[in-house]
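Comments concern the structure below.
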């Protein structure tokens, strides 16, 4: 089932690329494997994923960033200091994890967080709390770009 969904998503991405006038390439059947399974009925829902140069895998879920080490050990890499949702995460050019958060409550949650020491999340940037940050990326110069689909901005 997962392979079928992934193939359908690849097909949809190729169709979308055609509509944008981007160059398309033939898709091949990837070798897919489930690495971790979550209890979505218990509100375990991973959001974003990134990897470091050592092969450690990181993902965001609730107000935490989790780590699956290259040796197979799972741990909490860092916890945000406020009860918000951690969405997009990326490895930064300084080898720190950066995460964006948003809030579905009265708590102000539009932040970019920096997790360098593996436990403490510090606010790197505070953005417009009327929006809803979703994802981020770094360019080659180290500049950070953040998407906000609620406000319709990058």
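Numbering (the numbering used here), first residue to last: 8 to 161.
We treat Cβ as the ideally placed atom computed from N, Cα and C, and that holds for glycine.
Run through DSSP, which three-state label would residue 48 get? helix
Between the beta-carbon of residue 142 and the beta-carbon of residue 129, is there less than 9 angstroms? no
If we count the other Cβ atoms within 10 Å of its Cβ and call it buried at 16 or more, is residue 118 buried or exposed? buried
For residue 91, which three-state DSSP category applies? coil
Applying the criterion that 16 or more other CB atoms from any shown protein chain within 10 Å of the CB defines a buried residue, is residue 22 buried or exposed? Residue placement at residue 22 cannot be trusted, given a pLDDT of 37 that sits under 50; what the coordinates show is reported in the next sentence. Under this definition residue 22 is an exposed residue.
Within 10 Å of its beta-carbon, does residue 96 have 16 or more other beta-carbons around it, so buried, or fewer, so exposed? buried
Starting from the N-terminal side, write out each stretch of the alpha helix (DSSP H) that is 4 residues or longer and does not extend beyond the stretch 89-133. none
How big is the Cα-Cα spacing for residue 35 and residue 70? 36 angstroms
Note down, in chain order, each residue of its chain lying with its Cβ closer than 7 angstroms to the Cβ of residue 91, except the 5 sequence neighbours on either side. 70, 108, 109, 110, 114 and 116
By DSSP, does residue 56 sit in helix, in strand, or in coil? strand
Residue interval of the beta strand (DSSP E) (run including residue 35): Note, residue 35: premise wrong, no beta strand (DSSP E); not H, not E.
Can you tell me which of the three DSSP states residue 69 falls into? coil
State the DSSP-derived secondary structure class of residue 137, mapped to helix, strand or coil. coil
Residue 83 versus 53, 61, 135 and 102, residue with shortest Cα-Cα distance: 53
Buried or exposed: residue 121, going by 16 or more other Cβ atoms within 10 Å of its Cβ? buried
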